[in-house]
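A.B. asks:
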Amino acid sequence: MFPGLAAEHPPVSTCLFDGRAHTYCQFTGGELAAYEGVSGRRIWQRGGRSGDGTYPPVILSARHGLLYAVEGPGRHRVLGGLTGAVRERRAGAAPSLVNGFAGLAETDPGAHDSPLIALRTLR
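The following block contains the structure:
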């Protein structure tokens, strides 16, 4: 258990380690948070349930200080791991699989037969 998680916090749905220093967790209420890998201290959090029609971010993958997420249909995002700030907004920017060289993303996420595209990773 991370020290940043309170007992009344919503259950975790997904956690991903970026392979370097941070763990990113998605909670069932839609909240997204980043934690230091060694201490477990929460660095930032964002999202959660909203009544304004916006979508909470959904984690797809993480790699070396970058978090790849989707914030609604066609709204791919690359977030900086230290701040949660959006670094990239273009469609297809959030691959489902990523390594140090490239990422694989669906051209039409959610479609049964969506072709894959290869993307360069941000540095």
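In terms of this note's numbering, the sequence shown has 206 at position 90, counting the first letter as 1, and numbering is strictly consecutive.
Ideal placement from N, C-alpha and C gives every residue a C-beta, glycine not left out.
The model shown is predicted, which means the values in this text are computed figures rather than measured ones.
Just to confirm the assignment, what range does the beta strand (DSSP E) spanning residue 187 have?
C.D. replies: Element bounds for residue 187: n/a, residue is neither H nor E.
A.B. asks: What does a CB cutoff of less than 6 Å around residue 200 pick up in its chain, not counting 5 residues either side in sequence?
C.D. replies: Cβ neighbours of residue 200 beyond the five flanking positions: 160, 162.
A.B. asks: What does DSSP give as the partner residues of residue 132 in its beta bridges?
C.D. replies: 140
A.B. asks: So, helix, strand or coil for residue 197, using DSSP?
C.D. replies: Looking at residue 197 - three-state DSSP - the assignment turns out to be coil, as it is neither helix nor strand.
A.B. asks: Should residue 117 go down as buried or exposed, given a rule of 16 or more other Cβ atoms within 10 Å for buried?
C.D. replies: Here residue 117 scores only 49 on pLDDT, less than 50, and its place in the model is too uncertain to base an answer on.
A.B. asks: My output table needs one value for residue 117: the three-state DSSP class, helix, strand or coil.
C.D. replies: With a pLDDT of 49 at residue 117, under the threshold of 50, the modelled position of this residue cannot be trusted; read the value that follows with caution. Residue state, collapsed to three classes: coil.
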